[in-house]
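Peer 1: For reference, the structure I am asking about is given below.
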Amino acid sequence: MPLDFLKRKGGDATPAAGAPAASSSTLPEEITAQEFQLKLYYAGKSSEGVRMKAGPRALAELPSMLIGLAQSEVEVVEPLPIEFSQATPNIARPSEAMQWLNANHAHGPITRHALVVLESIDAIDLAFDTFVCALLDGEVDTSGYPEYNAVVGGVASHWDEATGDMIVRAVVGWGGKGVRGDTDRIGARILGGLLTNVLANQFAMGLTQIERPVPAAGRGGLVCAHCGFASGHERAFYCPKCGMRLLRG
Ligand SMILES: [Zn+2]
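Written out as structure tokens, the structure is:
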């Protein structure tokens, strides 16, 4: 019984059932490719820091610094304890992504969007920052998530490791599947408004150079005797959450 492939070799143009046509195995001179692309654009701005008179009282002042600018409910995001030190909004890294979701799933869509944008561009770091957030300009979609040109953010604060003062900076961000030319200008204007509010606060002592603390490489281990917060950063002197002195063992 003759085999099908032998018959085709003899010039028979009809391919056997289930076999590819002979012509498909020849590489054409020009390949026709179907193109796929996604351009994600995240951007943000952060102001100089404002030194605040120390004390946990100052923490309670943070949401008021968004007055007149917030166009949604103001949410406070506290620093993440050591067990979330690997949390990253990157879905391709499941362990980091799970930590991130466990830490942030309870926040609203505006805050989650702001965290994705501002953490992706390193404008905030929840190992030591307290982040106070709202929608500041633009629209949200039907699910409540900000559009790509909506400006989100507010203020971020951390404790100065040298003095224990609270340092507050204004921080805004935007982005997604698109870019609009005027968003940068709107973001800069809002950043100025936020910084004005921070400087107008009763505890503000003036602008200061920011030296951001260095997060630990997963070691940490300092537990706050005042609030029980397990700090994720190596040389923390003040509790990132409550601002009280951490006791070193
Ligand atoms: Zn504490």
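The sequence shown lines up with residues 103 to 351 when you count with this note's numbering.
Just so you know, even glycine gets a beta-carbon here, dropped at the ideal spot from N, CA and C.
Values in this document were obtained by computation on a predicted structure and should not be read as measured data.
Using a Cβ-Cβ distance under 9 Å, would Gln311 count as near chain B?
Peer 2: Here chain B cannot be found, since the structure has a single protein chain.
Peer 1: Would you mind working out which of Phe331, Gly345 and Arg347 sits nearest Ser187, comparing C-alpha positions?
Peer 2: As a position in the sequence shown, residue 187 is number 85, starting the count at 1. Here the closest residue by C-alpha is Phe331.
Peer 1: Between Met268 and ligand 1, is the CB less than 8 Å from at least one heavy atom?
Peer 2: Here the question's residue 268 lines up with position 166 in the sequence shown. Flag unset: Cβ of Met268 not near ligand 1.
Peer 1: With distances taken Cα to Cα, identify the nearest neighbour of Ala229 among Cys235, Ala236 and Glu221.
Peer 2: Position 127 of the sequence shown, counted from the first residue, corresponds to residue 229. Residue Glu221 is the option with its Cα nearest to Ala229.
Peer 1: Our contact map puts Tyr144 next to Val219 with C-beta atoms below 8 Å; I'd like the distance itself, whole angstroms only.
Peer 2: Locating residue 144 in the sequence shown gives position 42, where the first residue counts as 1. Locating residue 219 in the sequence shown gives position 117, where the first residue counts as 1. Correct: roughly 5 Å between the Cβ atoms.
Peer 1: If you pair each beta-carbon of the stretch 248 to 259 with each one of the stretch 275 to 289, do three or more pairs fall below 8 Å?
Peer 2: Touching, yes.
Peer 1: Tell me the residue span of the beta strand (DSSP E) that contains Thr190.
Peer 2: As a working mapping, residue 190 is identified with position 88 in the sequence shown. Looking at the DSSP string, Thr190 is not in any beta strand (DSSP E), and its letter there is neither H nor E.
Peer 1: Just mark His215 as buried or exposed, buried being the case when its beta carbon has 16 or more other beta carbons within 10 Å.
Peer 2: Taking the first residue of the sequence shown as position 1, residue 215 is located at position 113. Answer is buried; the Cβ neighbour count reaches 16.
Peer 1: Report buried or exposed for Ala160, applying the criterion of at least 16 other Cβ atoms within 10 angstroms of its Cβ.
Peer 2: By 1-based counting over the sequence shown, the position of residue 160 is 58. Buried, since its Cβ has 16 or more Cβ neighbours within 10 Å.
Peer 1: So what's Ile312 in DSSP terms, helix, strand or just coil?
Peer 2: Against the sequence shown, residue 312 aligns to sequence position 210. In this structure, Ile312 counts as coil in the three-state DSSP scheme.
Peer 1: Who are the Cβ neighbours of Lys240 in its own chain at under 7 Å, not counting the five residues just before and after it?
Peer 2: Taking the sequence shown and counting its residues from 1, one reaches residue 240 at position 138. One detail in the question is off: residue 240 reads as Gly in this sequence, not Lys. Only Pro248, Glu249, Asn251, Ala252 and Val253 meet the Cβ criterion.
Peer 1: What residue range does the beta strand (DSSP E) around Ile54 cover?
Peer 2: The first residue shown for the chain is 103 and the last is 351, placing residue 54 beyond what the model contains.
Peer 1: Closer than 8 Å: is that where the CB of His328 sits relative to any heavy atom of ligand 1?
Peer 2: Along the sequence shown, one-based indexing puts residue 328 at 226. Under cutoff, so the answer is yes.
Peer 1: Report the rounded CA-to-CA distance for Glu313 versus Ser149, giving the unit in angstroms.
Peer 2: As a position in the sequence shown, residue 313 is number 211, starting the count at 1. As a position in the sequence shown, residue 149 is number 47, starting the count at 1. The alpha-carbon atoms of Glu313 and Ser149 are separated by roughly 13 Å.
Peer 1: Could you have a look at Glu150 and say whether DSSP puts it in helix, strand or coil?
Peer 2: As a working mapping, residue 150 is identified with position 48 in the sequence shown. Strand, per DSSP.
Peer 1: Can you give me the Cβ contacts of Thr43 inside the same chain, cut-off strictly under 7 Å, excluding the 5 residues immediately before and after it?
Peer 2: Missing from the structure shown is residue 43; the chain here goes from 103 to 351 and no further.
Peer 1: Please give me, in chain order, every unbroken run of the beta strand (DSSP E) with length at least 3 that falls completely inside the stretch 218 to 262.
Peer 2: If we require 3 residues or more, the beta strand (DSSP E) runs fully inside the stretch 218 to 262 come out as 232 to 239 and 253 to 261.
Peer 1: Mind checking whether the beta-carbon of Phe339 lies closer than 8 Å to any heavy atom of ligand 1?
Peer 2: Residue mapping note: residue 339 aligns to position 237 of the sequence shown, counting from 1. Phe339: no, Cβ never under 8 Å from ligand 1.
Peer 1: Report the CB separation of Gly345 from Val270 in whole angstroms; it is logged as a contact under 8 Å.
Peer 2: Counted from its first residue, the sequence shown places residue 345 at position 243. Counted from its first residue, the sequence shown places residue 270 at position 168. Actually they are not in contact, since the Cβ atoms of Gly345 and Val270 sit about 12 Å apart, beyond 8 Å.
Peer 1: Where do the N-terminal and C-terminal ends of the alpha helix (DSSP H) with Val179 fall, by residue?
Peer 2: Here residue 179 corresponds to residue number 77 of the sequence shown, with the count starting at 1. Per DSSP, Val179 belongs to no alpha helix (DSSP H); it is in the beta strand (DSSP E), Glu177 to Val179.
Peer 1: Using a threshold of 8 Å, is the CB atom of Phe305 nearer than that to any non-hydrogen atom of ligand 1?
Peer 2: The sequence position of residue 305 within the sequence shown is 203, counting from 1. Answer for Phe305: no, Cβ out of range of ligand 1.
Peer 1: Can you give, in chain order, each stretch of the alpha helix (DSSP H) that sits fully within the stretch 281 to 310 and has at least 4 residues?
Peer 2: As far as the stretch 281 to 310 is concerned, its whole alpha helix (DSSP H) runs of at least 4 residues are 285 to 302.
Peer 1: Taking its Cβ as the centre, do 16 or more other Cβ atoms sit within 10 Å of Glu329, making it buried, or is it exposed?
Peer 2: Position 227 of the sequence shown, counted from the first residue, corresponds to residue 329. For the sequence presented, residue 329 should be read as Cys rather than Glu. Exposed, by the Cβ-count rule.
Peer 1: Compute the distance between the beta-carbons of Pro353 and Thr232, then report whether it is under 9 Å.
Peer 2: The displayed coordinates of the chain run from 103 to 351. Any statement about residue 353 would go beyond what the structure contains.
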